[in-house]
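**Q** Numbering (numbering that gives the first Met the number 0), first residue to last: 0 to 261.
Backbone N, C-alpha and C fix where the C-beta goes; we use that ideal spot for every residue, glycine too.
Source: prediction; values computed, not measured.
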Amino acid sequence: MKILIRGAGDLATGIAAELWERGHQILMTDVAIPLAVRREVAFSRAVYEEYAVVEGMKAVLAESFEEAEAIMATRKIAVMVDEKAEVRKEYLPDVLIDGIMAKKNLGTRISDAPLVIGIGPGFTAAGDCHFVIETQRGEHLGEVIREGSAIPNTGIPGNIGGYTVERLLKASADGIMHPVARIGDVVKKGQIVARCGDEPVYARLHGIVRGMLQEGVPVKKGLKIGDVDARIEEKLCYTISDKARKIGNGVAEVIDLVYKTK
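(1) CA-CA distance, Gly174 and Cys195?
(2) Return the CA-CA distance between Val78 and Thr107, expressed in angstroms with no decimal places.
(3) Please return the same chain residues whose Cβ sits closer than 7 Å to the Cβ of Asp111, not counting the five positions on each side in sequence.
(4) Based on DSSP bridge pairs, tell me the residues matched to Gly225.
(5) Three-state secondary structure (DSSP) at Arg194?
(6) State yes or no: is the C-beta of Lys102 within less than 8 Å of the C-beta of Pro120?
(7) Is Tyr47 helix, strand or coil by DSSP?
(8) Output the boundary residues of the beta strand (DSSP E) element that contains Asn73.
(9) Please name the residue, chosen from Asp97, Val179, Thr12, that lies closest to Glu198 on a Cα-to-Cα basis.
(10) Would you list, in sequence order, the uninterrupted beta strand (DSSP E) runs of no fewer than 3 residues that lie entirely inside the region 15-61?
(11) Got a sec, what are the start and stop residues for the alpha helix (DSSP H) Gly249 sits in?
(12) Please determine if the region 27-43 and the region 127-144 are in contact, where contact requires at least 3 C-beta pairs separated by less than 8 Å.
(13) Mark Lys75 as exposed unless 16 or more other C-beta atoms lie within 10 angstroms of its C-beta, in which case mark it buried.
(14) Determine the burial state of Ala31: buried for a count of at least 16 other Cβ atoms within 10 Å of its Cβ, exposed for fewer.
(15) Please state whether DSSP places Lys102 in a helix, a strand or coil.
(16) Please classify Asp255 as buried or exposed, where buried requires at least 16 neighbouring CB atoms within 10 angstroms.
(17) At which residues does the beta strand (DSSP E) containing Arg5 begin and terminate?
(18) Specify, as a first and last residue, the run of the beta strand (DSSP E) that His177 falls within.
(19) Is DSSP giving Leu114 helix, strand or coil here?
(20) Between the alpha carbons of Leu140 and Gly160, how many angstroms are there, rounded?
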């Protein structure tokens, strides 16, 4: 089955992985300068490194739809820079999934494909998409919503290792992003982990750097540029999160439900 996923960040990558493992053909679209911080588990990395491998699955950057077709024909995932997913007009996907995670709809319509799925808040099931998948941590994570919307964004990140907002690394000023610490590095509270322009960014807890924006990205003050995990388990930096997998399972459930009953 032909799947088009808008967005190629870590959660969209989890969805892609679940569907690829079930044998589906995957094309992903993203912006020219992706801002996924958990880059080691995001296929968006292919945009600036030409390819990305996550848990043995390979995604390759395509400059055209013809290139994307050739990539997918070899059982790889194709990634294109296509902010508005215009490629859908050539690809004609069976399923379109909006996994941009913008907390709002950036142009996806229920008419874009026979089955359109919105991920997280910002979408209305039976309105701008057929189904919505819940993304808030807790008992409802990954649930299929047939009417209405996902739980609104609280602005407070999920609790991981006993920490919420302290986990986040945010740009200290407008400017160009310069990582000091790398993904997988263990850092101490108060340690400089990045610079934005000339301003340092300090770790707010002792832990392992799980996410960090790439070198040279223009950032605005307050933008999320990384995160630190207090659990200090290196494998977490390089494996798709349970959250992303659960969301992916919810998407797979919808596809099975719709296409097995047709």
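**A** On the basis of the data shown:
(1) Within the sequence shown, the letter at position 175 stands for residue 174. Within the sequence shown, the letter at position 196 stands for residue 195. Cα-Cα distance, rounded: 5 Å.
(2) Position 79 of the sequence shown, counted from the start, is the residue given in the question as residue 78. Position 108 of the sequence shown, counted from the start, is the residue given in the question as residue 107. When rounded, the distance between both Cα atoms is 18 Å.
(3) Here residue 111 is taken as the residue at index 112 of the sequence shown, counted from 1. Exclusion of the five residues before and after Asp111 leaves Arg87, Leu95 as the residues of its chain whose Cβ lies within less than 7 Å of its Cβ.
(4) Sequence index remark: in the sequence shown, residue 225 carries index 226 (1-based). Beta-bridge pairing links Gly225 to Leu168, Met211.
(5) As a working mapping, residue 194 is identified with position 195 in the sequence shown. Collapsing the DSSP output to three states places Arg194 in a strand.
(6) As a first step, residue 102 is located in the sequence shown; it is residue number 103 there, counting from the start. As a first step, residue 120 is located in the sequence shown; it is residue number 121 there, counting from the start. Yes.
(7) Translated into the one-based positions of the sequence shown, residue 47 becomes position 48. DSSP places Tyr47 in helix when its eight states are reduced to three.
(8) Within the sequence shown, the letter at position 74 stands for residue 73. A small fix is needed here, since residue 73 is Thr in this sequence, not Asn. It is not in any beta strand (DSSP E) - Thr73 carries neither H nor E in the DSSP assignment.
(9) On the sequence shown, position 199 is the one that residue 198 refers to. Ranking the options by Cα distance to Glu198, first place goes to Val179.
(10) List check, beta strand (DSSP E) in window: 24-29, 50-53, 56-60.
(11) Numbered from 1 along the sequence shown, position 250 holds the residue referred to as residue 249. In the DSSP annotation of this structure, the continuous segment of the alpha helix (DSSP H) that includes Gly249 starts and ends at 241-259.
(12) With a cut-off of 8 Å, the region 127-144 and the region 27-43 do not count as touching, because too few Cβ pairs lie within range.
(13) Taking the sequence shown and counting its residues from 1, one reaches residue 75 at position 76. Using a 10 angstroms sphere on the CB of Lys75, the tally of other CB atoms reaches 16 or more, which defines it as buried.
(14) Reading the sequence shown from its first residue, position 32 is the one you call residue 31. With fewer than 16 other beta carbons inside 10 angstroms of its own, Ala31 counts as exposed.
(15) Start at 1 with the first residue of the sequence shown, and residue 102 comes out as number 103. DSSP, read as helix, strand or coil, puts Lys102 in coil.
(16) Counted from its first residue, the sequence shown places residue 255 at position 256. Classified as exposed, Asp255 has fewer than 16 neighbouring CB atoms from the shown chains inside 10 Å of its CB.
(17) Working through the sequence shown from its first residue, we reach residue 5 at position 6. Its beta strand (DSSP E) spans residues 1-5.
(18) One-based indexing of the sequence shown puts residue 177 at position 178. Membership of His177 in the beta strand (DSSP E) is indicated by the continuous run 174-178.
(19) The residue given as residue 114 occupies position 115 in the sequence shown. The answer is strand: DSSP assigns Leu114 an E or B state.
(20) Position 141 of the sequence shown, counting from 1, holds the residue named residue 140. Position 161 of the sequence shown, counting from 1, holds the residue named residue 160. The straight-line gap from Cα to Cα measures roughly 18 Å.
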